[in-house]
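Novice:
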Amino acid sequence: MSAKVAERLMQILGYKELYPPQRAAIEAGVEDGRSLLVSSPTASGKTFIAMVALASAALKGAKSFYTAPLRSIATEKYREFREALTKLNLKVGISIGDLNVNDEIIVNRNDVIITTYEKLDSIIRNSPSIIDKMGSLVVDEIHYVDDEKRGPIIETLLSKVLYRSRGVQVVALSATVSNVDEIANWIGAKLVKCNWRPVPLSEGVYKDGVIHFSDGSKRKVEEVSANPSINLVVDESRQGGQTLVFVQSRRRAVQLAKMAARLPRNLLKFNQGKAREYAAKILATEGPRLLREEIAELIMSGVSYHHAGLSNEQRTLIEDAFRDGALAAIFATPTLAAGVNLPARRVVIAEVERYDESYGVPRDIKVFEYKQFAGRAGRPGLDPYGEAIIVASRPRSVRELMEEYIKAKPERLESRLYGVRGVRHSALGAVASGIANDFGSLLELHRKTLYYVQRGEEKLSQILRISLDDLVAWGLVEETNGKLKATHLGYVVSRTYLDPASVPKLVKLAKRFNGKFTTEGLIYIISSMPDMNLLPVRSSESEKIMDMAVDRVPTLIDIVDWDDPDSVAALKTTLALLDWIEEVPDDKIAETYDVGPGDVASIIDTAKWIASSLAEVAPAAGLPEEVSEKLRLLSKRIEEGVKPELLQLVEIPGVGRVRARRLYNAGFKTLESLATASPQELLRIPGIGPATVASILEFFGRKEEAASIKGRGHEGVGLDRFAA
DNA sequence: GTCGTCTGGCTTTAGACAGCATGTC
DNA sequence: CTAAAGCCAGACGAC
Numbered sequence: 001m002s003a004k005v006a007e008r009l010m011q012i013l014g015y016k017e018l019y020p021p022q023r024a025a026i027e028a029g030v031e032d033g034r035s036l037l038v039s040s041p042t043a044s045g046k047t048f049i050a051m052v053a054l055a056s057a058a059l060k061g062a063k064s065f066y067t068a069p070l071r072s073i074a075t076e077k078y079r080e081f082r083e084a085l086t087k088l089n090l091k092v093g094i095s096i097g098d099l100n101v102n103d104e105i106i107v108n109r110n111d112v113i114i115t116t117y118e119k120l121d122s123i124i125r126n127s128p129s130i131i132d133k134m135g136s137l138v139v140d141e142i143h144y145v146d147d148e149k150r151g152p153i154i155e156t157l158l159s160k161v162l163y164r165s166r167g168v169q170v171v172a173l174s175a176t177v178s179n180v181d182e183i184a185n186w187i188g189a190k191l192v193k194c195n196w197r198p199v200p201l202s203e204g205v206y207k208d209g210v211i212h213f214s215d216g217s218k219r220k221v222e223e224v225s226a227n228p229s230i231n232l233v234v235d236e237s238r239q240g241g242q243t244l245v246f247v248q249s250r251r252r253a254v255q256l257a258k259m260a261a262r263l264p265r266n267l268l269k270f271n272q273g274k275a276r277e278y279a280a281k282i283l284a285t286e287g288p289r290l291l292r293e294e295i296a297e298l299i300m301s302g303v304s305y306h307h308a309g310l311s312n313e314q315r316t317l318i319e320d321a322f323r324d325g326a327l328a329a330i331f332a333t334p335t336l337a338a339g340v341n342l343p344a345r346r347v348v349i350a351e352v353e354r355y356d357e358s359y360g361v362p363r364d365i366k367v368f369e370y371k372q373f374a375g376r377a378g379r380p381g382l383d384p385y386g387e388a389i390i391v392a393s394r395p396r397s398v399r400e401l402m403e404e405y406i407k408a409k410p411e412r413l414e415s416r417l418y419g420v421r422g423v424r425h426s427a428l429g430a431v432a433s434g435i436a437n438d439f440g441s442l443l444e445l446h447r448k449t450l451y452y453v454q455r456g457e458e459k460l461s462q463i464l465r466i467s468l469d470d471l472v473a474w475g476l477v478e479e480t481n482g483k484l485k486a487t488h489l490g491y492v493v494s495r496t497y498l499d500p501a502s503v504p505k506l507v508k509l510a511k512r513f514n515g516k517f518t519t520e521g522l523i524y525i526i527s528s529m530p531d532m533n534l535l536p537v538r539s540s541e542s543e544k545i546m547d548m549a550v551d552r553v554p555t556l557i558d559i560v561d562w563d564d565p566d567s568v569a570a571l572k573t574t575l576a577l578l579d580w581i582e583e584v585p586d587d588k589i590a591e592t593y594d595v596g597p598g599d600v601a602s603i604i605d606t607a608k609w610i611a612s613s614l615a616e617v618a619p620a621a622g623l624p625e626e627v628s629e630k631l632r633l634l635s636k637r638i639e640e641g642v643k644p645e646l647l648q649l650v651e652i653p654g655v656g657r658v659r660a661r662r663l664y665n666a667g668f669k670t671l672e673s674l675a676t677a678s679p680q681e682l683l684r685i686p687g688i689g690p691a692t693v694a695s696i697l698e699f700f701g702r703k704e705e706a707a708s709i710k711g712r713g714h715e716g717v718g719l720d721r722f723a724a
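In this text, residue positions in the first sequence follow our numbering: the first is 1, and each later residue adds one.
(1) Going residue by residue through the region 202–277, where are the continuous alpha helix (DSSP H) segments of at least 4 residues, counting only ones entirely within it?
(2) Count the other CB atoms within 10 Å of the CB of Gly718; is the residue buried (16 or more) or exposed (fewer)?
(3) Among residues of its own chain, excluding the 5 on either side of Trp474, which ones have a beta-carbon nearer than 7 Å to its beta-carbon?
(4) How many Å lie between Tyr19 and Ile187 at the Cα?
(5) In chain order, what residues of the same chain lie with their CB nearer than 8 Å to the CB of Pro644, ignoring the 5 residues before and after it?
(6) Touch check for the region 92–99 and the region 458–469: three-plus C-beta pairs under 8 Å?
(7) Leaving out five residues before and five after Ser612 in sequence, what residues of the same chain have Cβ atoms less than 6 Å from its Cβ?
(8) By Cβ distance, which residues of its chain are closer than 6 Å to Leu682, with the 5 residues on each side in sequence left out?
(9) Taking only three categories from DSSP, how would you classify Met134?
(10) Measure the beta-carbon distance from Leu484 to Val420 and round it to whole angstroms, keeping in mind my assumption that it falls under 8 Å.
(11) What residue range is occupied by the uninterrupted alpha helix (DSSP H) comprising Ile299?
(12) So what does Ser304 bridge to, in DSSP terms?
(13) Taking only the alpha-carbon atoms, compute the straight-line gap between Pro41 and Asn341 and give it to the nearest angstrom.
(14) Pull up the distance between the alpha-carbon of Leu534 and that of Pro334, whole angstroms please.
(15) With C-beta atoms as the reference, is Leu85 less than 8 Å away from Leu120?
(16) For a quick check, are the C-beta atoms of Gln169 and Arg34 less than 8 Å apart?
(17) Consult DSSP for Ser2 and reduce its assignment to one of helix, strand or coil.
(18) Where DSSP assigns a beta bridge to Arg354, which residues make up the other side?
(19) Are at least three pairs of beta-carbons, each pair with one atom in the region 401–421 and one in the region 73–81, less than 8 Å apart?
(20) Does Glu629 pass the burial test, meaning 16 or more other C-beta atoms within 10 Å, or should it be called exposed?
(21) Over what stretch of residues does the beta strand (DSSP E) that includes Gln169 continue unbroken?
(22) So, Ala175 versus Gln314, is the Cβ gap smaller than 8 Å?
(23) So the candidates are Pro362, Arg292, Arg379, Gly701; which of them puts its Cα closest to the Cα of Leu201?
(24) Have a look at Ile154, Pro585, Asp594, Asp563 and flag the residue whose alpha-carbon is nearest the alpha-carbon of Thr573.
(25) How big is the Cα-Cα spacing for Lys292 and Ala618?
(26) If distances are taken between C-alpha atoms only, which option among Ser542, Leu268, Pro362 comes closest to Ala569?
(27) For Glu704, does the count of other Cβ atoms within 10 angstroms reach 16, so buried, or fall short, so exposed?
(28) For Ala261, which residues of its own chain have a beta-carbon under 6 Å away from its beta-carbon, when the five flanking residues on both sides are left out?
(29) Can you have a look at Leu99 and say buried or exposed, based on whether 16 or more other CB atoms are within 10 angstroms of its CB?
(30) Distance check for Val352 and Ala706, CA to CA, integer angstroms please.
(31) Ile523 to Leu577, Cα distance in whole Å?
(32) What's the C-alpha gap between Tyr355 and Glu625?
(33) Within its chain, find whatever has a CB closer than 7 Å to the CB of Ser217; leave out the 5 residues flanking it on each side and keep chain order.
(34) Please report the residue range of the beta strand (DSSP E) in which Ile94 lies.
(35) Within the continuous beta strand (DSSP E) that includes Ile113, where are the two ends?
(36) With distances taken Cα to Cα, identify the nearest neighbour of Pro343 among Val361, Tyr359, Asp324, Ala350.
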């Protein structure tokens, strides 16, 4: 039966024939549990190969796992897999960090489980025996091993699977890189390498009004604007196609989008009706009003920008708008290249230099990154071809860029496990979950990393020794007679998934606070943890931050190390979070701290995770129980963005911080007082409409009343200015 | 003296995973 | 280490 899996999937998906890499993968034995490394361009059908592997193993009664670097990718694949695999009577589940689910239930109830890397790592930590039931593991975007931050997770995650079970089928999917054979060797996989693309790609360099394609052909572009990228957008739009323009800074993305929007109306082709719809949807999102209006206006002109300063909702809307033909172009930072599938006929790489923080100078992007951008060119089934065009900046010659990028081979993938941070994390997880119980087994386990394959035993052993010594010194692991065992604290830290280095940092700061933990003090501790992501501090800004601190958090003045930029950034982040839980409107926060709504959302998300994790860690680290309670409360407040008195009210679906405050101020201070409120009374409160009232009534089980309210029609969303 | 413009120096610069609880988009 | 654009202060010039 297993040999038929691919055929059955073809039928389900309506495929008539397979793409070359798919055929190659079948021939190589995906259906029979062979481990594979599939290296082929974007959109060459790797998802189908993943499906075949997952389904084949699951149909034999084993658990199949699919793991990816981003929640958005995981969600996209979840929908796709569920759609197809349910028809084979397989159950598909997803477990990622922002969904409220129990991993064990998800794993037990489903045949195919979709996760992010970290989530799968965490699942394995909590129950390593899952590996024994694992039939197939698909690791998507495995080239992420080369990522400074996330790479070590993939390596050590995979090392645990490879170490514990020789039978698991690992199907690794990768973009094209030069050392694929080495990667295949690492995971013990057969290499399926293929450069075939579903849509032919032509690559070129644009300079002084002419596109020089790599095949020698040229195309003259009318210079309607002073900006080369915009000329390329207009040129493509005239031919009826869409363009993605990749830039290397947010500001640049915004600026170019605005420039394009000022173009004479007839130069860009896009669906104006749809554009209006999406502009209205953007206006209805959360976040600063000015920013929403700015994007809405841009969309009305058929363009938008796209970067991580936007909220996820806004980003998704912009992507949808592009897919729907409402936009002629998107000007994006590299987020868009890494995320969900969003192809365009033309891709413009507006600049190949990017400022590099670690060196303090601009550097050229990698060939690999260029190929990732270029991979977005050409929509399968829609475009006869795709184009990737690099814009030559003034000092660059066409030939230089052609040699350095278009004709160049992508770089090797290098292990990033050289730092102690990743190894510490992995070692603690291995010891706490019982996968390793002495230095020997720990070393054995880490021999299954790419780092070992590339750097050898000596270096690995050194890093491991240092990491272990740290863990012992911090009281997370005990080493007696060569046997390793996690302490209670070690178990807790491992389970929370915090960086083990959080512990010494927490202990040190706790001492500084001398037993007095105020709300701002705790937020500062949260912001100082190694896992926190901090708001950027401009050099001209530190004085302003100091003034605000004197005013608002005088207790922190002596705690902050003013010479340490990270400490100042933690303070800035603390102030923003404090505003958030004091119910300052989010657009006000974004403005005060000069960041986008996406940045605010990001610190909130991280802070609430760290807060609740620290609540677990604190007692184990010897801090009073009351600190834990405060942290738990704080985590809730950060999640909802409210003062303590609103925590009850925000439990109601449809009631967030704003509506809760309105209800509270109208006298409904508790759930009890709301439970018996009359609908008419509630409707009189400004900002509380029929939909909200219905939701409140439903929450209290007053179904009939809720239904009668719902019947009264909908409110407009206040988007009249865009209504034709 | 006041206003407007030019210029040179200084500043800034991408992204985003993880816990817990509960029968799940 | 190989950039480029915004911003601001100060210089300069016209009146």
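Cβ atoms here follow ideal geometry from the backbone N, Cα and C, with glycine treated the same way. Keep in mind the model is a prediction, meaning the values are calculated, not measured.
Specialist: Inspection of the coordinates gives the following:
(1) Runs of the alpha helix (DSSP H) spanning 4 or more residues and lying entirely within the region 202–277 occur at 228–238, 250–261, in chain order.
(2) As a first step, residue 718 must be located in the first sequence, where it is residue number 718. Summary for Gly718: the model assigns pLDDT 39, below 50, so the residue's position carries little reliability; its value from the coordinates is reported in the next sentence. It counts as exposed.
(3) On the first sequence, position 474 is the one that residue 474 refers to. The residues Pro500, Val503, Pro504, in chain order, have a CB closer than 7 Å to that of Trp474 in the same chain once the five nearest residues on each side in sequence are set aside.
(4) Mapped onto the first sequence, residue 19 falls at position 19. Mapped onto the first sequence, residue 187 falls at position 187. For Tyr19 and Ile187, the distance between alpha carbons rounds to 25 Å.
(5) As a working mapping, residue 644 is identified with position 644 in the first sequence. Contacts found: Leu633, Arg637.
(6) no
(7) As a working mapping, residue 612 is identified with position 612 in the first sequence. These residues qualify, in order along the chain: Ser635.
(8) The count along the first sequence starts at 1 and reaches residue 682 at position 682. Once the five neighbours on either side are set aside, the close Cβ partners of Leu682 are Ile688, Val693.
(9) Within the first sequence, the letter at position 134 stands for residue 134. Correct three-state label for Met134: strand.
(10) Taking the first sequence and counting its residues from 1, one reaches residue 484 at position 484. Taking the first sequence and counting its residues from 1, one reaches residue 420 at position 420. Their Cβ separation, rounded to whole angstroms, is 17 Å, which puts Leu484 and Val420 out of contact at 8 Å.
(11) Here residue 299 refers to the residue found at position 299 of the first sequence. Here the alpha helix (DSSP H) through Ile299 covers 289–300.
(12) Numbered from its first residue, the first sequence carries residue 304 at position 304. Paired residues: Ile330.
(13) Residue mapping note: residue 41 aligns to position 41 of the first sequence, counting from 1. Residue mapping note: residue 341 aligns to position 341 of the first sequence, counting from 1. Their backbone Cα atoms lie some 13 Å apart in a straight line.
(14) Position 534 of the first sequence, counted from the first residue, corresponds to residue 534. Position 334 of the first sequence, counted from the first residue, corresponds to residue 334. So the alpha carbons of these two residues sit roughly 20 Å apart.
(15) Here the question's residue 85 lines up with position 85 in the first sequence. Here the question's residue 120 lines up with position 120 in the first sequence. Contact: no.
(16) Translated into the one-based positions of the first sequence, residue 169 becomes position 169. Translated into the one-based positions of the first sequence, residue 34 becomes position 34. In contact: Gln169 and Arg34 (Cβ atoms closer than 8 Å).
(17) Residue mapping note: residue 2 aligns to position 2 of the first sequence, counting from 1. A caution first: Ser2 carries a pLDDT of 46, below 50, which makes its placement in the model unreliable, though a value can still be read off. Correct three-state label for Ser2: helix.
(18) Locating residue 354 in the first sequence gives position 354, where the first residue counts as 1. Arg363, per the DSSP bridge assignment.
(19) no
(20) Taking the first residue of the first sequence as position 1, residue 629 is located at position 629. Flag for Glu629 reads exposed.
(21) To locate residue 169, count along the first sequence from 1; it is residue 169. Residues 169–174.
(22) The sequence position of residue 175 within the first sequence is 175, counting from 1. The sequence position of residue 314 within the first sequence is 314, counting from 1. Not a contact, by the Cβ cut-off of 8 Å.
(23) Within the first sequence, the letter at position 201 stands for residue 201. Of Pro362, Arg292, Arg379, Gly701, the residue nearest in Cα terms is Arg379.
(24) Stepping through the first sequence from its first residue, residue 573 is reached at position 573. Among Ile154, Pro585, Asp594, Asp563, the Cα nearest to that of Thr573 is on Asp594.
(25) Stepping through the first sequence from its first residue, residue 292 is reached at position 292. Stepping through the first sequence from its first residue, residue 618 is reached at position 618. It is worth fixing the name first, because residue 292 is Arg in this sequence and not Lys. Approximately 40 Å, taken between the alpha carbons.
(26) Against the first sequence, residue 569 aligns to sequence position 569. When each option's Cα is compared against that of Ala569, the closest is Ser542.
(27) Taking the first residue of the first sequence as 1, we reach residue 704 at position 704. Glu704 is exposed by the Cβ-count criterion.
(28) Translated into positions along the first sequence, residue 261 becomes position 261. Within the same chain, Ala261 has close Cβ partners Leu298, Ser301, Val303.
(29) As a working note, residue 99 is residue 99 in the first sequence. Burial call: exposed.
(30) Here the question's residue 706 lines up with position 706 in the first sequence. Here the question's residue 352 lines up with position 352 in the first sequence. Taking the straight line from one Cα to the other gives about 57 Å.
(31) Taking the first residue of the first sequence as 1, we reach residue 523 at position 523. Taking the first residue of the first sequence as 1, we reach residue 577 at position 577. So the alpha carbons of these two residues sit roughly 7 Å apart.
(32) Start at 1 with the first residue of the first sequence, and residue 355 comes out as number 355. Start at 1 with the first residue of the first sequence, and residue 625 comes out as number 625. For Tyr355 and Glu625, the distance between alpha carbons rounds to 45 Å.
(33) Along the first sequence, one-based indexing puts residue 217 at 217. Same-chain partners within the cutoff: there are none.
(34) The residue labelled residue 94 in the question sits at position 94 within the first sequence. Per DSSP, Ile94 belongs to the beta strand (DSSP E) from 92–95.
(35) The sequence position of residue 113 within the first sequence is 113, counting from 1. Segment 112–116, the beta strand (DSSP E) holding Ile113.
(36) As a first step, residue 343 must be located in the first sequence, where it is residue number 343. Among Val361, Tyr359, Asp324, Ala350, the Cα nearest to that of Pro343 is on Asp324.
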